[in-house]
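Structure, as structure tokens:
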Amino acid sequence: MSEKNPKLRAELEGIPTYKPGKPAAADGPAAYKLSSNENPYPPLPGVMETVTAAACDLNRYPDMACTALTEELAERFGVPASHVATGTGSVGVAQQLIQATSGPGDEVIYAWRSFEAYPIIAQISGATSVKVPLTSDEVHDLDAMADAITDRTRLIFVCNPNNPTGTVVRRAELERFLDRVPGDVLVVLDEAYREFIRDAEVPDGVMIYRDRPNVCVLRTFSKAYGLAGLRVGFAIAHEPVAAALRKTAVPFGVSQLAQEAAVASLRAEDELLGRVGSLVCERTRVVDTLRAQGWTVPETHANFVWLRLGERTVAFAEACEQAGVVIRPFAGEGVRVTIGETEANDIFLKAAEAFRKEA
Ligand SMILES: Cc1ncc(COP(=O)(O)O)c(C=O)c1O
Numbered sequence: 030m031s032e033k034n035p036k037l038r039a040e041l042e043g044i045p046t047y048k049p050g051k052p053a054a055a056d057g058p059a060a061y062k063l064s065s066n067e068n069p070y071p072p073l074p075g076v077m078e079t080v081t082a083a084a085c086d087l088n089r090y091p092d093m094a095c096t097a098l099t100e101e102l103a104e105r106f107g108v109p110a111s112h113v114a115t116g117t118g119s120v121g122v123a124q125q126l127i128q129a130t131s132g133p134g135d136e137v138i139y140a141w142r143s144f145e146a147y148p149i150i151a152q153i154s155g156a157t158s159v160k161v162p163l164t165s166d167e168v169h170d171l172d173a174m175a176d177a178i179t180d181r182t183r184l185i186f187v188c189n190p191n192n193p194t195g196t197v198v199r200r201a202e203l204e205r206f207l208d209r210v211p212g213d214v215l216v217v218l219d220e221a222y223r224e225f226i227r228d229a230e231v232p233d234g235v236m237i238y239r240d241r242p243n244v245c246v247l248r249t250f251s252k253a254y255g256l257a258g259l260r261v262g263f264a265i266a267h268e269p270v271a272a273a274l275r276k277t278a279v280p281f282g283v284s285q286l287a288q289e290a291a292v293a294s295l296r297a298e299d300e301l302l303g304r305v306g307s308l309v310c311e312r313t314r315v316v317d318t319l320r321a322q323g324w325t326v327p328e329t330h331a332n333f334v335w336l337r338l339g340e341r342t343v344a345f346a347e348a349c350e351q352a353g354v355v356i357r358p359f360a361g362e363g364v365r366v367t368i369g370e371t372e373a374n375d376i377f378l379k380a381a382e383a384f385r386k387e388a
């Protein structure tokens with residue numbers, strides 16, 4: 030047998046690993062998972078029925094073009110079907126966008142800290158990440174991001190609201206930023222948490238993309254629509270970019286179950302968005318309570334809150350786990366806590382209060 034190993038691309042060396050939110054272990058103290066920004070509500074009965082019925086055809090490949098879902102989305106957003114591209118979660122679509130635009134020597138700009146998949150998918154393509162620190166208010170520093178553009182920049186992510194801080198950029202500052210970006214650089218507005226926004230000054234990316242050919246909007250069924258386990262997301266982009274997404278898609282990547290569940294969810298949107306409304310009320314309660322306890326909490330527009338804890342991050346996460354909720358620590362920086370069921374939020378708030386009193 031040869032002593033040699035297969036040659037792998039050098040870019041894979043040192044690639045950061047994606048850390049999924051820790052589950053609540055069956056034999057551990059924590060009963061609730063607040064570590065992955067999931068929707069705590071189970072699928073709607075109608076969506077379950079659709080998925081169960083679709084399971085009868087699991088011996089068949091899915092519709093590769095996601096025709097019904099694409100048409101439904103085009104209608105829902107008032108865009109041509111040729112501007113809609115689906116993928117295996119919006120992270121899958123984000124990876125396709127990098128593959129389509131950026132290779133070795135090219136630069137991908139994003140705020141930091143932001144969604145942890147960005148450095149991974151940039152590095153897989155061999156592109157160079159340019160991380161622009163958030164401001165002291167935990168918000169994208171759009172001026173600094175615009176200053177970071179070079180002739181090697183190919184793609185810029187603007188995560189709005191930002192994961193993990195929940196903060197947003199508003200219309201005027203985003204438009205000003207976009208005016209500074211050259212037309213041959215793709216700006217991806219990652220709006221995974223769009224449905225949780227209640228601030229009218231935060232722009233809907235779909236309105237912005239319409240007259241800006243270099244803007245692409247990313248959305249997902251994983252958060253507000255509660256289908257994280259089925260892996261379906263989509264982009265809305267002008268023709269050349271949407272066509273590039275079709276070229277870079279894994280053939281048959283989005284399962285038929287996912288396609289049909291997504292269509293059923295769009296048709297049950299009122300009920301699903303009602304659930305989002307309840308989570309937004311819980312978010313207000315959690316933020317208000319934390320502030321009353323003395324914590325500094327950045328204004329969040331998503332289904333999670335961010336506490337910058339520095340060196341106390343891991344200890345805080347351990348205290349929460351002992352109390353019964355698993356949260357997401359970013360060691361040395363802070364914790365992100367998903368808004369979950371009322372009972373879970375209560376446990377978290379109690380743990381936060383106890384931690385604060387001990388500190
Ligand atoms: C900002 C952001 N974008 C994209 C995603 C990816 O979601 P999905 O691949 O499940 O659609 C996430 C998931 O946490 C996210 O936080």
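Its first residue numbered 30, the sequence shown is counted upward by one per residue in my numbering. Using N, Cα and C, we set each Cβ at its ideal position, and we do this for glycine too.
Report the three-state DSSP secondary structure of Arg357 (helix, strand or coil).
Position 328 of the sequence shown, counted from the first residue, corresponds to residue 357. Three-state DSSP puts Arg357 in a strand.
Report, in whole angstroms, the separation of the C-beta atoms of Gly255 and Tyr70, which I expect to be a contact under 8 Å.
On the sequence shown, position 226 is the one that residue 255 refers to. On the sequence shown, position 41 is the one that residue 70 refers to. That belief holds up - the Cβ atoms of Gly255 and Tyr70 are roughly 6 Å apart, short of 8 Å.
For Val279, count neighbouring C-beta atoms within 10 Å of its own C-beta (all shown protein chains included) and say buried if the count is 16 or more, exposed if not.
The residue labelled residue 279 in the question sits at position 250 within the sequence shown. Looking at its Cβ environment, which holds fewer than 16 other Cβ atoms inside 10 Å, Val279 is exposed.
Taking the CB atoms as reference points, tell me whether Phe144 and Asn192 lie closer together than 8 Å.
Taking the sequence shown and counting its residues from 1, one reaches residue 144 at position 115. Taking the sequence shown and counting its residues from 1, one reaches residue 192 at position 163. Yes, the pair counts as a contact, with Cβ atoms nearer than the cut-off.
Near Gly262, what residues of its chain come up, given a Cβ to Cβ distance below 6 Å and the 5 sequence neighbours on each side ignored?
The residue given as residue 262 occupies position 233 in the sequence shown. Closer than 6 Å at Cβ, skipping near neighbours: Gly116, Gly118, Ser119, Val122, Thr249.
On the DSSP bridge assignment, give the partners of Ala82 in chain order.
Taking the sequence shown and counting its residues from 1, the one referred to as residue 82 is at position 53. For Ala82, which the question treats as bridged, DSSP gives no partner whatsoever.
At a cut-off of 7 Å, is Ala221 close to ligand 1 when judged by its beta-carbon and the heavy atoms of the ligand?
On the sequence shown, residue 221 is found 192 positions in, with the first residue counted as 1. Ala221: yes, Cβ under 7 Å from ligand 1.
With 16 other CB atoms within 10 Å as the buried threshold, where does Cys85 fall?
If you number the sequence shown from 1, residue 85 lands on position 56. Exposed, because fewer than 16 other Cβ atoms sit within 10 Å of the Cβ of Cys85.
Identify, in the order they occur along the chain, each residue of the same chain with its Cβ nearer than 6 Å to the Cβ of Arg200, setting aside the five sequence neighbours on each side.
Position 171 of the sequence shown, counting from 1, holds the residue named residue 200. For Arg200, where only same-chain residues beyond five positions count, the Cβ hits under 6 Å are Glu230, Pro232.
Exposed or buried, which one is Asp409 when buried takes at least 16 other CB atoms within 10 Å?
No information on residue 409 is available, as it lies outside the stretch 30 to 388 that the chain covers here.
Distance between Gly234 and Ala343 (C-alpha atoms, nearest Å)
Indexing the sequence shown from 1 puts residue 343 at position 314. Indexing the sequence shown from 1 puts residue 234 at position 205. Checking the displayed sequence, the identity of residue 343 turns out to be Val instead of Ala. Answer to the nearest angstrom: the Cα atoms are 35 Å apart.
CA-CA distance, Glu101 and Ile368?
Numbered from its first residue, the sequence shown carries residue 101 at position 72. Numbered from its first residue, the sequence shown carries residue 368 at position 339. Cα-Cα distance, rounded: 29 Å.
Does Leu98 pass the burial test, meaning 16 or more other C-beta atoms within 10 Å, or should it be called exposed?
The residue labelled residue 98 in the question sits at position 69 within the sequence shown. It is buried - the Cβ of Leu98 has at least 16 other Cβ atoms within 10 Å.
In terms of residues, what are the limits of the beta strand (DSSP E) holding Ile185?
Mapped onto the sequence shown, residue 185 falls at position 156. Here the beta strand (DSSP E) through Ile185 covers 182-188.
Outcome for Met93 when other beta-carbon atoms lying within 10 angstroms are tallied against a minimum of 16:
The residue given as residue 93 occupies position 64 in the sequence shown. Looking at its Cβ environment, which holds fewer than 16 other Cβ atoms inside 10 Å, Met93 is exposed.
Tell me which residue opens and which closes the alpha helix (DSSP H) that Lys379 is part of.
Within the sequence shown, numbered from 1, the residue matching residue 379 stands at position 350. Segment 371-387, the alpha helix (DSSP H) holding Lys379.
Check whether the stretch 312-327 touches the stretch 354-374, taking contact to mean three or more Cβ pairs, one atom from each stretch, closer than 8 Å.
yes
Nearer than 7 Å: is that true of the beta carbon of Ser251 relative to any heavy atom of ligand 1?
Residue numbering aside, residue 251 sits at position 222 when the sequence shown is read from its first letter. Yes, the beta carbon of Ser251 sits closer than 7 Å to at least one heavy atom of ligand 1.
CB-CB under 6 Å to His267, same chain, minus the five flanking residues each way: which ones, in chain order?
Counting from 1 along the sequence shown, the entry for residue 267 is found at position 238. So the list reads Pro242, once near-sequence residues are dropped.
Using a Cβ-Cβ cut-off of 6 Å (strictly less than) and excluding sequence neighbours within five positions of Val355, which residues of its own chain qualify?
Numbered from its first residue, the sequence shown carries residue 355 at position 326. These residues qualify, in order along the chain: Lys51, Ala53, Ala59, Lys62, Ser64.
Would you mind reading off the limits of the alpha helix (DSSP H) that contains Thr99?
In the sequence shown, the residue the question calls residue 99 occupies position 70. Per DSSP, Thr99 belongs to the alpha helix (DSSP H) from 96-106.
Phe225 Cβ short of 7 Å to ligand 1 heavy atom set
Sequence index remark: in the sequence shown, residue 225 carries index 196 (1-based). No.
Assign Glu224 to one of three DSSP states: helix, strand, or coil.
Looking up residue 224 in the sequence shown gives position 195. Of the three classes helix, strand and coil, the one that applies to Glu224 here is helix, per DSSP.
Classification of Tyr47 by the beta-carbon crowding that lies within 10 angstroms, buried from 16 upward
As a working note, residue 47 is residue 18 in the sequence shown. By the neighbour-count rule (16 or more Cβ atoms within 10 Å), Tyr47 is not buried but exposed.
As assigned by DSSP and simplified to three states, the class of Gly75
Along the sequence shown, one-based indexing puts residue 75 at 46. It is helical.
Segments assigned alpha helix (DSSP H), at least 4 residues, entirely inside the stretch 116-186
118-130, 146-153, 171-176
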